[in-house]
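>
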Amino acid sequence: MTYKYLPHFFLDNLDNVTSGMKNNNDSSVNDFLLLGFSILGKKPTLLFVIFSLIYGTILTFNVTIMSVILLDRALHYPMYFLLFALSVSETCTTFVTIPKLLFILLTGRQSISFIGCSMQMFCFFSLSTNNCFLLVTMSYDRYAAICYPLQYQVLMEKKVCIKLVAASCLAGCYISLAICILIFRLPFCGPKEIQHFFCDISPVLNLTCTDTYLTYLVVVLLCAVVLLGTLLLISVSYAYIISAILRISSSLGRKKMFSTCASHLIVVITHFSCACFVYLRPKATSSLGQDTWISTVFVFITPLMN
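See the structure below:
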């Protein structure tokens, strides 16, 4: 399979999943209702204004970062290339969820088609998983720069960076496709109210009319492998980085090295703490209100940490 056929591969598989599920279940639903923040009794107009301002800020910051890196040849280095890739991925993540949320808050029209819901889940988890792998790549870049400065240009040459970013993207797509196949092959026969502002795993699984224990377990295991695996790799990288920094005799040199990693660490902490809380918490302890607000932080705040 060549790279140019990959988008068709993912879309065809998603179409087969949704079509197959509908053919096997005469009582399947055609659309869902995203209840969003109405379930928490919040004022939609106020939330629309607040979220619009935050969204505008996200787009402004990320577009500025991407433009500066793209136009300034002095920034054409691996670290900034990876930052550019992360900014693109996080901006695309916001496109998947925020415009639909703002539309719901503004118009009150909460409907989303079955295929639209499956596509939203696929795109959201593809990009979110891609972000996890990109954060690992960025931590490796910092590790190579600090621990092996003389070999840095070889370790992180342009071809290597492109391959790492492409691998992150493909891994995200395949993992997300597996999750969507597991979930959307299940029968849905009502109710159709999703207790969330986008098509997330638990709220969608709650609408199926069959036992979801095994599916939920497999999905959680996939999420655990991605989140804990990438977090472990980042932790190992930073263990070596901190060890190398502490060996620097100059306090000014140590501060400079720590400052280069600070922003990345903030993104890592925010991203993984929110994701682990929502997707790795035992189902029995999950709370609708908590999940909604934590997901809000994940969707709105993490892209601002770039």
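Here the sequence shown is numbered in the numbering used here, starting from 25 and rising by one per residue.
We put the beta carbon where it would ideally sit given N, CA and C, even for glycine.
Give me the Cα-Cα distance between MET329 and THR121, rounded to the nearest whole angstrom.
Here residue 329 is taken as the residue at index 305 of the sequence shown, counted from 1. Here residue 121 is taken as the residue at index 97 of the sequence shown, counted from 1. Here the alpha carbon of MET329 sits roughly 18 Å from the alpha carbon of THR121.
> Would you kindly report the start and end of the unbroken beta strand (DSSP E) that includes ASP224?
As a first step, residue 224 must be located in the sequence shown, where it is residue number 200. Element bounds for ASP224: n/a, residue is neither H nor E.
> Under a three-way DSSP split, which group does ILE272 fall into?
As a working mapping, residue 272 is identified with position 248 in the sequence shown. DSSP, reduced to helix, strand and coil, places ILE272 outside both helices and strands of the structure shown, so it counts as coil.
> Ends of the beta strand (DSSP E) at SER135?
Along the sequence shown, read from residue 1 onward, the residue named residue 135 stands at position 111. Looking at the DSSP string, the run of the beta strand (DSSP E) that includes SER135 is 135-137.
> Using CA atoms only, rank isn't needed, just tell me which of ILE74, VAL321 and ASN155 is closest to ALA190.
Here residue 190 refers to the residue found at position 166 when the sequence shown is read from its first residue. Selected option, being the one with the closest Cα: ASN155.
> Rounded to a whole number of angstroms, what is the C-alpha to C-alpha distance between CYS285 and ARG209?
As a working note, residue 285 is residue 261 in the sequence shown. As a working note, residue 209 is residue 185 in the sequence shown. Answer to the nearest angstrom: the Cα atoms are 42 Å apart.
> Decide if THR234 is buried, meaning its Cβ has at least 16 other Cβ atoms within 10 Å, or exposed.
Position 210 of the sequence shown holds residue 234. That one is exposed.
> Roughly how many angstroms lie between the CA atoms of VAL73 and LYS124, to the nearest whole one?
As a working mapping, residue 73 is identified with position 49 in the sequence shown. As a working mapping, residue 124 is identified with position 100 in the sequence shown. In this structure, the CA atom of VAL73 is about 14 Å from the CA atom of LYS124.
> Is the segment 143-157 touching the segment 178-185, taking contact as three or more C-beta pairs under 8 Å?
Touching, no.
> Please determine if the segment 232-248 and the segment 260-269 are in contact, where contact requires at least 3 C-beta pairs separated by less than 8 Å.
Because the criterion of three Cβ pairs below 8 Å is not met, the segment 232-248 and the segment 260-269 do not touch.
> Between the alpha carbons of ASN49 and PRO211, how many angstroms are there, rounded?
The residue given as residue 49 occupies position 25 in the sequence shown. The residue given as residue 211 occupies position 187 in the sequence shown. Reliability fails at ASN49, whose pLDDT of 45 lies under 50, so the model's placement of it is uncertain and the value that follows must be treated cautiously. Roughly 6 Å between the two C-alpha positions.
> Only counting runs of 3 or more residues, tell me where the beta strand (DSSP E) segments fall wholly within the segment 237-284, in order along the chain.
none
> Since PHE75 is in the alpha helix (DSSP H), which residue starts that stretch and which ends it?
Stepping through the sequence shown from its first residue, residue 75 is reached at position 51. Start and end: 68-95.
> With respect to the beta strand (DSSP E) encompassing LEU58, which residues constitute its N-terminal and C-terminal limits?
Working through the sequence shown from its first residue, we reach residue 58 at position 34. Unbroken beta strand (DSSP E) run through LEU58: 55-58.
> Just checking, does the segment 274-285 make contact with the segment 215-232 on the three C-beta pairs under 8 Å criterion?
Short answer: they don't touch.
> DSSP three-state label for THR234, please.
The residue labelled residue 234 in the question sits at position 210 within the sequence shown. It is coil, neither helix nor strand.
> May I have the straight-line CA-CA distance separating SER200 from GLY80, to the nearest angstrom?
For the purposes of this step, residue 200 is taken as residue 176 along the sequence shown, with counting starting at 1. For the purposes of this step, residue 80 is taken as residue 56 along the sequence shown, with counting starting at 1. The straight-line gap from Cα to Cα measures roughly 27 Å.
> Whose CA, out of SER137, LEU57 and GLU114, lies closest to the CA of SER152?
Taking the sequence shown and counting its residues from 1, one reaches residue 152 at position 128. Taking only the C-alpha atoms, the option nearest SER152 is GLU114.
> Applying the 10 Å Cβ sphere with the 16-neighbour rule, what's the burial state of ARG271?
Within the sequence shown, numbered from 1, the residue matching residue 271 stands at position 247. The residue is exposed, with fewer than 16 neighbouring Cβ atoms inside 10 Å.
> State the CB to CB distance for the pair SER340 and ASP55, rounded to an integer number of angstroms; the pair is presumed to be in contact (CB under 8 Å).
With the chain running from 25 to 330 in the structure shown, residue 340 is simply not present.
> Are LEU206 and ASP165 closer than 9 Å when you measure CB to CB?
By 1-based counting over the sequence shown, the position of residue 206 is 182. By 1-based counting over the sequence shown, the position of residue 165 is 141. Contact: no.
> For GLU217, which of helix, strand or coil comes out of DSSP?
As a first step, residue 217 is located in the sequence shown; it is residue number 193 there, counting from the start. Here GLU217 sits in strand by DSSP.
> Look up PHE108 in the DSSP assignment and give the residues it is bridged to.
Counted from its first residue, the sequence shown places residue 108 at position 84. Partner(s): none; PHE108 has no beta bridge.
> Tell me which residues share the same chain as PHE248 and place their Cβ nearer than 7 Å to its Cβ, disregarding the 5 neighbours each side in the sequence.
Indexing the sequence shown from 1 puts residue 248 at position 224. According to the sequence shown, residue 248 is Ala rather than Phe. Within the same chain, ALA248 has close Cβ partners LEU304.
> What residues are listed by DSSP as bridge partners for PHE212?
Here residue 212 refers to the residue found at position 188 of the sequence shown. Partner(s): THR232.
> Thinking just about the alpha-carbon of each residue, which of LEU130, TYR198, TYR176 and VAL291 is nearest to the one in LYS67?
By one-based count along the sequence shown, residue 67 stands at place 43. Of the candidates LEU130, TYR198, TYR176 and VAL291, the one whose C-alpha sits nearest the C-alpha of LYS67 is LEU130.
> Does DSSP put LEU304 in a helix, a strand or coil?
Walking along the sequence shown from the start, residue 304 turns up at place 280. Here LEU304 sits in coil by DSSP.
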